[in-house]
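Notes follow the structure.
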Ligand code: GLU
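Residue numbers (the numbering used here): 8 to 423.
Pasting the structure below:
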């Protein structure tokens with residue numbers, strides 16, 4: 008068992024090492040794949056509406072680009088420092104390889120709490136950051152997307168700022184508004200994909216989705232769509248939460264109504280309905296068949312993994328489970344469907360959007376959703392088959408498949 012004091016990047020590289028052993032990856036290649044290609048840190052001064060100035064720090068980390076342009080989101084969060092962004096960039100490398108989209112892995116972030124900022128302040132900050140990283144991004148170089156606390160509007164500002172120097176370039180970012188070249192289906196893709204993967208897992212293991220009880224931690228873009236799609240497929244969503252608290256009803260929550268309330272600016276605990284208010288910790292440890300962490304990193308850790316009652320944990324967030332917690336869950340016989348598989352619907356949707364942009368073509372949403380489900384089914388099946396043939400976990404299998412593909416491409420390119 009590992010100690011809990013690993014940084015996020017060390018933790019992801021612990022997952023890497025477990026999988027690398029399974030495919031007998033050589034040490035030289037492992038040294039390339041456990042380090043990053045390029046990291047930039049840029050100063051982001053922002054004039055606030057009250058006239059004061061803040062000087063934030065922004066980052067873009069490009070982990071590996073052997074299989075295609077670097078790809079990954081930009082998050083605004085106080086914890087989005089270099090070490091966390093490195094970890095998330097490397098997860099993108101394994102994710103894009105596992106689901107076989109022609110991208111590498113990257114991530115960006117500004118270490119700031121954007122919650123009190125006005126739209127004007129957010130726009131100024133985003134434009135300044137976009138100009139700061141403009142020399143390392145490009146539609147065939149590195150393509151940002153939304154992540155925690157960023158959205159389609161953020162991407163519109165990045166596209167516009169980049170376009171000021173380069174001309175009209177919709178393929179510079181994905182997750183754009185529909186009116187600027189975004190793809191119908193992309194906004195819901197990560198959450199929908201989480202349930203597509205759960206459905207594939209249920210089918211293989213003989214688990215009936217109808218009536219399966221689900222708890223979802225986090226009700227942002229990923230958690231809200233995951234909860235709604237779970238309900239649409241017959242699951243009973245018994246608990247949901249946001250950063251202010253959680254609600255629970257064993258008879259099932261009306262997640263569409265909660266989503267409407269939250270979209271209008273309310274907190275989850277303020278939603279109408281017959282439910283009890285509980286804490287986020289109680290949600291994670293509460294009775295359910297399937298637990299979907301869809302919020303921050305490291306939510307399942309040494310201190311609470313033994314309390315999880317779910318039979319299956321589906322990681323909608325990136326890196327929600329520390330290696331120590333992962334060991335505890337595995338020892339307890341709880342199946343963990345890992346982030347690089349479970350939340351890959353987002354980047355698959357980004358690939359569709361990018362491909363439409365470079366072809367100046369638009370798909371209908373039905374095609375988008377059908378191709379999304381298909382790609383996730385293929386990735387789930389490959390992961391499950393590897394896990395069975397190597398008697399390993401789904402996490403080890405998904406990393407092993409991703410690592411093997413990136414190692415093969417790196418070797419073909421002559422990296423070593
Ligand atoms: N931020 C999402 C993720 O972590 C999507 C990234 C993308 O589409 O580039 O997978």
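A virtual CB, placed ideally from N, CA and C, is assigned to each residue, including glycine. Note that the structure is predicted; figures quoted are calculated from it, not measured.
Three-state secondary structure assigned by DSSP to residue i
| i | result |
| --- | --- |
| residue 14 | coil |
| residue 70 | strand |
| residue 93 | helix |
| residue 25 | helix |
| residue 260 | coil |
| residue 216 | coil |
| residue 222 | strand |
| residue 372 | helix |
| residue 9 | Because the pLDDT at residue 9 is just 49, under 50, the model does not fix this residue reliably, and the value given afterwards should be weighed accordingly. Looking at residue 9 - three-state DSSP - the assignment turns out to be coil, as it is neither helix nor strand. |
| residue 82 | strand |
| residue 321 | strand |
| residue 33 | coil |
| residue 328 | strand |
| residue 151 | strand |
| residue 339 | coil |
| residue 298 | strand |
| residue 270 | helix |
| residue 49 | strand |
| residue 122 | coil |
| residue 382 | helix |
| residue 449 | The requested residue 449 is not part of the displayed model; the chain covers only 8 to 423. |
| residue 307 | strand |
| residue 114 | strand |
| residue 398 | coil |
| residue 279 | coil |
| residue 358 | helix |
| residue 316 | coil |
| residue 248 | strand |
Residue i versus residue j: straight-line alpha-carbon distance, rounded
| i | j | result |
| --- | --- | --- |
| residue 90 | residue 98 | 13 Å |
| residue 200 | residue 363 | 19 Å |
| residue 247 | residue 227 | 11 Å |
| residue 30 | residue 411 | 7 Å |
| residue 380 | residue 197 | 11 Å |
| residue 194 | residue 186 | 13 Å |
| residue 162 | residue 178 | 11 Å |
| residue 361 | residue 180 | 8 Å |
| residue 206 | residue 241 | 11 Å |
| residue 303 | residue 327 | 6 Å |
| residue 341 | residue 329 | 15 Å |
| residue 171 | residue 231 | 34 Å |
| residue 390 | residue 168 | 40 Å |
| residue 51 | residue 64 | 6 Å |
| residue 8 | residue 396 | Reliability of the predicted coordinates at residue 8 is poor, the pLDDT of 47 falling under 50, and the value obtained from them is presented with this limitation in mind. If I take the Cα positions, the gap works out to 24 Å. |
| residue 420 | residue 259 | 52 Å |
| residue 108 | residue 378 | 12 Å |
| residue 129 | residue 138 | 14 Å |
| residue 40 | residue 343 | 24 Å |
| residue 286 | residue 313 | 17 Å |
| residue 281 | residue 257 | 10 Å |
| residue 275 | residue 288 | 15 Å |
CB-CB length for residue i against residue j, believed under 8 Å
| i | j | result |
| --- | --- | --- |
| residue 114 | residue 68 | 6 Å |
| residue 73 | residue 413 | 6 Å |
| residue 93 | residue 157 | Actually they do not touch by this definition, with Cβ atoms about 18 Å apart. |
| residue 219 | residue 297 | 6 Å |
| residue 221 | residue 245 | 7 Å |
| residue 262 | residue 234 | 4 Å |
| residue 290 | residue 253 | 4 Å |
| residue 351 | residue 386 | 7 Å |
| residue 394 | residue 401 | 5 Å |
| residue 354 | residue 103 | 6 Å |
| residue 79 | residue 118 | With a Cβ gap of about 16 Å, residue 79 and residue 118 do not count as contacting. |
Heavy atom of the ligand GLU within 7 Å of residue i beta-carbon
| i | result |
| --- | --- |
| residue 154 | yes |
| residue 350 | yes |
| residue 99 | yes |
| residue 228 | no |
| residue 357 | yes |
| residue 344 | no |
| residue 145 | no |
| residue 354 | yes |
| residue 181 | yes |
| residue 3 | Nothing about residue 3 can be reported from this structure: the residues present for the chain run from 8 to 423 only. |
| residue 71 | no |
| residue 158 | no |
| residue 80 | yes |
| residue 102 | yes |
| residue 325 | yes |
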